[in-house]
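>
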Amino acid sequence: MVSMGESTEEIIASIMDKIPEIEGIILFDADGNAIVSQTITQMRHAEIAKSAAAMIDVARKLSQSVDKGDASVTYVESEGGFTVVAFAGKKGLLAITGKDATNSLGLIMRNLKLVLSKIK
60 MVSMGESTEE IIASIMDKIP EIEGIILFDA DGNAIVSQTI TQMRHAEIAK SAAAMIDVAR
120 KLSQSVDKGD ASVTYVESEG GFTVVAFAGK KGLLAITGKD ATNSLGLIMR NLKLVLSKIK
């Protein structure tokens, strides 16, 4: 469920508008199916969503094995930027950024979690 008449697509697009370092965003389900996706360049959204869902499973297992409860956010730092994944329940939201996002990672994580709380 989304709030105030906004569609899921509008909510997703608003993150990219608010945080210019975000180059792409993908909403996906627990099975790794892309639900909504928007990127500034051509990317394989279905493949990315599948990989992100697998990463969530591993992050949750790791978090539980170190007795820290359920994980909610994880990210990967690569040579060219970051992939940030927030997850809640059976949905995940992935943001793709360049290296210029280093100082904005906390803001990106917070906004991804906020958006997930609006989407049921």
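FYI, in this note's numbering the residues of the sequence shown are 60 to 179. Built from N, CA and C at the ideal position, the CB exists for glycine as well.
1. Starting from S137 and walking both ways along the beta strand (DSSP E), at which residues does that stretch end?
2. Using CA coordinates, which residue listed in I84, D116, V144, S73 is at the minimum distance from Q101?
3. Does K76 come out as helix, strand or coil in the three-state DSSP assignment?
4. D88 bridges to which residues according to DSSP?
5. Within the continuous beta strand (DSSP E) that includes Q97, where are the two ends?
6. Helix, strand or coil: how does DSSP classify G140 here?
7. Three-state secondary structure (DSSP) at I70?
8. Give a yes or no on whether the C-beta atoms belonging to I70 and K177 are separated by under 9 Å.
9. Would you kindly report the start and end of the unbroken alpha helix (DSSP H) that includes N170?
10. Are the beta-carbon atoms belonging to L164 and F141 less than 9 Å from one another?
Quick answer:
1. Unbroken beta strand (DSSP E) run through S137: 132-137.
2. I84
3. In the sequence on display, residue 76 carries Asp and not Lys. DSSP places D76 in helix when its eight states are reduced to three.
4. K150
5. 93-98
6. strand
7. helix
8. Closer than 9 Å, so yes.
9. 164-177
10. yes
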